[in-house]
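First comes the structure, then the notes that go with it.
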Amino acid sequence: MVNFAALIAALWIIPGVAIIVMLALRRPRLAEYLNLLTSITVFGLTLAILVAAPDKPLVTGARYILLTPLGAWVLFCVGLVYLLASIYAIGYMRLLPEEKPRLHKYYALQAGFALTMLIAPLMNNPGIFWIAIDFTTIVSAFLVGFEKEAECIEAAWKYLIVVSAGLALALLGIILFYWGGTFVLGPTYALTWANLREVAPKVPETLLFLAFLLTLVGFGTKVGLAPMHTWLPDAHSEGPAPVSAMLSGALLNIALLGIYRFLAIVDSGGYSVMGHTALLVLGVLSLFVAGLFIVRQDGAKRMLAYSSLEHMGVLAIGFGFGGAIAFAGAMYHMLNHSLNKSLMFFGAGNMMRAYGTKSMSKMRHVLRYYPVSGTVWLLGAVAITGAPPFGLFLSELTILRGGILSPNPWAVWVMAILLILIFTAFMNHFRRMIWGPEPEPDTAPTLKLSLWNTLPMWLALIPVLVLGLWWPTGLWGFFQQAFLVQP
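Numbering (the numbering used here), first residue to last: 1066 to 1552.
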């Protein structure tokens, strides 16, 4: 029998020890390899937890820890993105020689960011889950502003202020959920996801739905759903590329997990259609806003930030449709997006350092100067727009199939049209970077990229391609089990 308590303890203790060692020794080269070793270990532990994940929710750690199939899946995505970002960070941060004296702080913060994300999905108490989410905000804000440029500092402050305001609403929603439970369980009781689901049928409809809307808007701010997304383009575009990958590919999933768990409470109360429709509307709005801004973007990472808004919208639509098929498509999309968006931010980081600019209009003939990195980046761009034969095409198609059977089939056609618009706009930007006019002789890139810069891109692209050609039978069964048990 698998000792999940020991696995989870190791998952938290190992990064914690690594952080202490990195800060104590203050040696940049040691810190980068120690962070890499930590990420490899964390990935192995999250994979072990996923493979052995119980069919039913497991409560342990004095009832403070909850392990569910969906939680294990989110945890695995965190471990995977942390590993890829740690590999890439070695090559990327070495391109910033001015930051060398502070590199041990960067890697300690990166490990700390990963640690906070490894804690949140396992919290059985919604209040402690909220605290863990808040810690992810605090630690990642230091990473967003790490390079100390004016734009980075501004983005970090904007991130803190907007997300904190959203989380304040989420906390109010949690308090209202708890208050609703007092009508059934008395003035004091254990605040757990299971208890809130149990009392939901007896909570007044208005109170239950108001509490859900507050948590939807609050955690939706953390996810970056429109119209609460205003922090996301700045934070994703101004932070170091490995941090952007972790923000988009790992952190957003955790906040979305929280929304889905509160949605399950509303479902238990018998108000499924209202809750799912509210989430669906925010998902469609996010797709619409992302499409408008992707069309007119010039910043490489800023465009990818709006792509994150797009794919969080797709996930919100998938969970909003409800039903086993759409749910499976959303879970599959979560993994594919984590891989693919990491690849895209790595490629953007390479090109920004090579060309010395964030502007795509100044990146020209990418494939000529960087045939390997440029080719993988281009293939990633095709994949991230949901084109075949990559994994996101399969996951989006599955979500659309599930949507046809949902109470809101209208959203299927809206989603399909918006995805076509985004594909056209996205690929038009890459067309200009590949076949645009020649760069000026004195601006032609000369930077040599190392294996650290390109290896994680390959490690992300290959699984995205495989997952587009082959949906493992075991994964489909796992998704169905995750749908049937409580999240």
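All C-beta atoms in this analysis are idealised placements derived from N, C-alpha and C, irrespective of residue type, glycine included.
With DSSP as the reference, label residue i as helix, strand or coil.
{"i": "residue 1424", "result": "strand"}
{"i": "residue 1532", "result": "helix"}
{"i": "residue 1293", "result": "coil"}
{"i": "residue 1125", "result": "strand"}
{"i": "residue 1364", "result": "strand"}
{"i": "residue 1512", "result": "coil"}
{"i": "residue 1345", "result": "helix"}
{"i": "residue 1132", "result": "strand"}
Candidates the options: which alpha carbon is nearest residue i's?
{"i": "residue 1373", "options": "1389, 1345, 1363 and 1405", "result": "1405"}
{"i": "residue 1359", "options": "1260, 1456, 1489 and 1312", "result": "1489"}
{"i": "residue 1288", "options": "1371, 1303, 1261 and 1144", "result": "1371"}
{"i": "residue 1141", "options": "1171, 1110, 1168 and 1519", "result": "1110"}
{"i": "residue 1526", "options": "1456, 1471 and 1503", "result": "1456"}
{"i": "residue 1103", "options": "1131, 1149, 1138 and 1139", "result": "1149"}
{"i": "residue 1269", "options": "1441, 1156, 1246 and 1185", "result": "1246"}
{"i": "residue 1310", "options": "1522, 1083, 1545 and 1539", "result": "1522"}
{"i": "residue 1084", "options": "1497, 1178, 1530 and 1313", "result": "1178"}
Using the rule of at least 16 other Cβ atoms within 10 Å of the residue's Cβ for burial, across every protein chain shown, is residue i buried or exposed?
{"i": "residue 1460", "result": "buried"}
{"i": "residue 1426", "result": "exposed"}
{"i": "residue 1120", "result": "exposed"}
{"i": "residue 1253", "result": "exposed"}
{"i": "residue 1090", "result": "exposed"}
{"i": "residue 1097", "result": "buried"}
{"i": "residue 1550", "result": "exposed"}
{"i": "residue 1366", "result": "buried"}
{"i": "residue 1451", "result": "buried"}
What's the C-alpha gap between residue i and residue j?
{"i": "residue 1296", "j": "residue 1210", "result": "13 Å"}
{"i": "residue 1512", "j": "residue 1418", "result": "8 Å"}
{"i": "residue 1128", "j": "residue 1191", "result": "12 Å"}
{"i": "residue 1263", "j": "residue 1189", "result": "14 Å"}
{"i": "residue 1075", "j": "residue 1491", "result": "41 Å"}
{"i": "residue 1182", "j": "residue 1402", "result": "17 Å"}
{"i": "residue 1241", "j": "residue 1194", "result": "16 Å"}
{"i": "residue 1161", "j": "residue 1305", "result": "10 Å"}
{"i": "residue 1108", "j": "residue 1248", "result": "43 Å"}
{"i": "residue 1517", "j": "residue 1332", "result": "46 Å"}
{"i": "residue 1286", "j": "residue 1410", "result": "22 Å"}
{"i": "residue 1277", "j": "residue 1259", "result": "16 Å"}
{"i": "residue 1453", "j": "residue 1533", "result": "7 Å"}
{"i": "residue 1280", "j": "residue 1217", "result": "29 Å"}
Going by beta carbon distance, what residues of the same chain come within less than 6 Å of residue i, once the five residues before and after it are set aside?
{"i": "residue 1363", "result": "1424, 1425 and 1426"}
{"i": "residue 1348", "result": "1378, 1381, 1382 and 1385"}
{"i": "residue 1220", "result": "1209, 1299, 1300 and 1303"}
{"i": "residue 1547", "result": "1134 and 1135"}
Give every residue of the same chain whose Cβ lies closer than 8 Å to the Cβ of residue i, excluding the five residues on either side of it in the sequence, and list them in chain order.
{"i": "residue 1224", "result": "1202, 1205, 1206, 1209, 1296, 1299 and 1300"}
{"i": "residue 1473", "result": "1341, 1342, 1345, 1385 and 1386"}
{"i": "residue 1509", "result": "1434"}
What does a CB cutoff of less than 7 Å around residue i pick up in its chain, not counting 5 residues either side in sequence?
{"i": "residue 1284", "result": "1235, 1320, 1323 and 1324"}
{"i": "residue 1395", "result": "1380, 1383, 1384 and 1464"}
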